[in-house]
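Peer 1: No gaps in the numbering here: position 252 of the sequence shown is 234 in this note's numbering, and each next residue is one more.
Below you'll find the structure I mean.
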Amino acid sequence: MKKVIVCIKEVPDAKEIEIDLETGLLKREKASSIINPSDETALSYALELKKNHGFSIIVLSMGPKQTETVLQYILSLGFDEAFLLSDPFFSGSDTWATAFVLSEAIRFLGGADFIFFGHQSLDGDTGQVPNETAEILQIPSFTHVLNFSYQEGKSFVCCQFEDIIDFEAESPFTVSFIENEKSEFLFPEAKNYFNGEKKVQILDSSVLKTEKERVGLLGSPTQVKKVETALFQSRTPDLFNFDSKKFKNFYSDKIFKIFEKKS
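Written out as structure tokens, the structure reads:
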């Protein structure tokens, strides 16, 4: 049976994000959380593969214990298993350390034919973790993915760069999806929602046997040196009719002063 592992992230609601000015880390515990939007697209494609081709689908997430709630919800969508990577030693991991923990977990689970990600997270916004995970696992990666399909034992990936490019690829590989309308159709199935047999399984550093110096702040080559709150000075706009004489005179004077400063 073909297997898909979907790596998702629970991210803080952008309206409620706070930063610890001492550590440079997000205060995740104080903000309400959502599933990262492009990760929902990845979840949708995995569910489609299960429905149409009978794939085994697993969801994997690294985060604090409260992430267990969202993983339980994802199980209700029809996922077969859910694993939470949670350990104090993982806290503060940058993208490389996060990719290392994810790759260790993927190996622990026996690997997969396809490993799905959202393209980038709302909080970090780097888009680095999918490719870094593929690099550690030594498998190909596809980014900026618009569409994925599986037909007659063949995998087809559609990516959007400057142009749209279609690939036929052999597994295993990672896919990072751009957010699209598929994520709008994630609804629990009643039989799964009311079935409490499926439980989220916790994997920590002792289970994965991860080297502590390779995770968390200690294993993160990226270090935040300073965090500041950007202050924006409010200004009152000048409103003119485009063809008014006042408009032309005003901007002619402005442009003249700019060139005067440069000269």
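Beta carbons are placed, not taken as given, at the ideal position from N, Cα and C, and that holds for glycine.
Remember, predicted model here, so these are calculated numbers, not experimental data.
Using the rule of at least 16 other Cβ atoms within 10 Å of the residue's Cβ for burial, across every protein chain shown, is Asn18 buried or exposed?
Peer 2: Reading the sequence shown from its first residue, position 36 is the one you call residue 18. Flag for Asn18 reads buried.
Peer 1: Would DSSP call Pro19 helix, strand or coil?
Peer 2: Working through the sequence shown from its first residue, we reach residue 19 at position 37. The answer is helix: DSSP assigns Pro19 an H, G or I state.
Peer 1: Starting from Asn113 and walking both ways along the alpha helix (DSSP H), at which residues does that stretch end?
Peer 2: Stepping through the sequence shown from its first residue, residue 113 is reached at position 131. Start and end: Val111 to Leu119.
Peer 1: Are there 16 or more other CB atoms within 10 angstroms of the CB of Asp107, so buried, or fewer, so exposed?
Peer 2: Mapped onto the sequence shown, residue 107 falls at position 125. So Asp107 ends up on the exposed side.
Peer 1: Please state the DSSP three-state secondary structure of Ala151.
Peer 2: Indexing the sequence shown from 1 puts residue 151 at position 169. If DSSP states are grouped into helix, strand and coil, Ala151 belongs with the strands.
Peer 1: Helix, strand or coil for Glu(-8)? Go by DSSP, reduced to three states.
Peer 2: Working through the sequence shown from its first residue, we reach residue -8 at position 10. Here Glu(-8) sits in strand by DSSP.
Peer 1: Got a sec, what are the start and stop residues for the alpha helix (DSSP H) Leu84 sits in?
Peer 2: Position 102 of the sequence shown, counted from the first residue, corresponds to residue 84. Where Leu84 is concerned, the enclosing alpha helix (DSSP H) stretches over Thr77 to Phe90.
Peer 1: Please identify the residue among Ser38, Thr51 and Leu29 whose C-alpha is closest to the C-alpha of Ser15.
Peer 2: Your numbering for residue 15 matches position 33 in the sequence shown. The candidate whose alpha carbon is nearest that of Ser15 is Thr51.
Peer 1: So Ala24 packs on Leu185, CB below 8 Å; how close in whole Å?
Peer 2: Within the sequence shown, residue 24 is the residue found at index 42, counting from 1. Within the sequence shown, residue 185 is the residue found at index 203, counting from 1. Their Cβ separation, rounded to whole angstroms, is 20 Å, which puts Ala24 and Leu185 out of contact at 8 Å.
Peer 1: One question on the structure: do Ile146 and Ile121 come within less than 9 Å of each other, judged by their Cβ atoms?
Peer 2: In the sequence shown, the residue the question calls residue 146 occupies position 164. In the sequence shown, the residue the question calls residue 121 occupies position 139. Contact: no.
Peer 1: From what residue to what residue does the alpha helix (DSSP H) around Glu50 run?
Peer 2: In the sequence shown, residue 50 corresponds to position 68, counting from 1. Taken as a continuous stretch (DSSP letters only), the alpha helix (DSSP H) holding Glu50 covers Thr49 to Ser58.
Peer 1: For Ser73 versus Leu199, is the C-beta distance shorter than 9 Å?
Peer 2: What you label residue 73 is simply residue 91 of the sequence shown in a count that begins at 1. What you label residue 199 is simply residue 217 of the sequence shown in a count that begins at 1. Yes, these two residues count as a Cβ contact at 9 Å.
Peer 1: Here's a check: name, in chain order, each residue in its chain whose Cβ is nearer than 8 Å to the Cβ of Val182, leaving out the five neighbours to either side.
Peer 2: In the sequence shown, residue 182 corresponds to position 200, counting from 1. Here the set comprises Glu50, Leu53, Gln54, Leu57, Ala64, Phe65 and Leu66.
Peer 1: Please work out which residues of its chain come closer than 7 Å, Cβ to Cβ, to Val139, disregarding the five sequence neighbours upstream and downstream, and give them in chain order.
Peer 2: Against the sequence shown, residue 139 aligns to sequence position 157. Here the set comprises Phe124, Val127, Phe130, Phe149, Ala151 and Val157.
Peer 1: Between Asp95 and Lys191, which are expected to be in contact by the criterion C-beta below 8 Å, what is the C-beta distance as a whole number of angstroms?
Peer 2: Sequence index remark: in the sequence shown, residue 95 carries index 113 (1-based). Sequence index remark: in the sequence shown, residue 191 carries index 209 (1-based). So it is not a contact: roughly 24 Å between Cβ atoms.
Peer 1: Given that a residue counts as buried once 16 or more other Cβ atoms are within 10 Å of its Cβ, and exposed if not, what is Lys207?
Peer 2: Here the question's residue 207 lines up with position 225 in the sequence shown. When all chains shown are included, Lys207 counts as exposed.
Peer 1: Would you give the residue range spanned by the alpha helix (DSSP H) that Ser43 belongs to?
Peer 2: Your numbering for residue 43 matches position 61 in the sequence shown. It is not in any alpha helix (DSSP H) - Ser43 instead sits in the beta strand (DSSP E) that spans Ser38 to Met44.
Peer 1: In whole angstroms, what is the alpha-carbon distance linking Gly60 and Gly36?
Peer 2: The residue you call residue 60 lines up with position 78 of the sequence shown. The residue you call residue 36 lines up with position 54 of the sequence shown. In a straight line, the C-alpha of Gly60 is about 12 Å away from that of Gly36.
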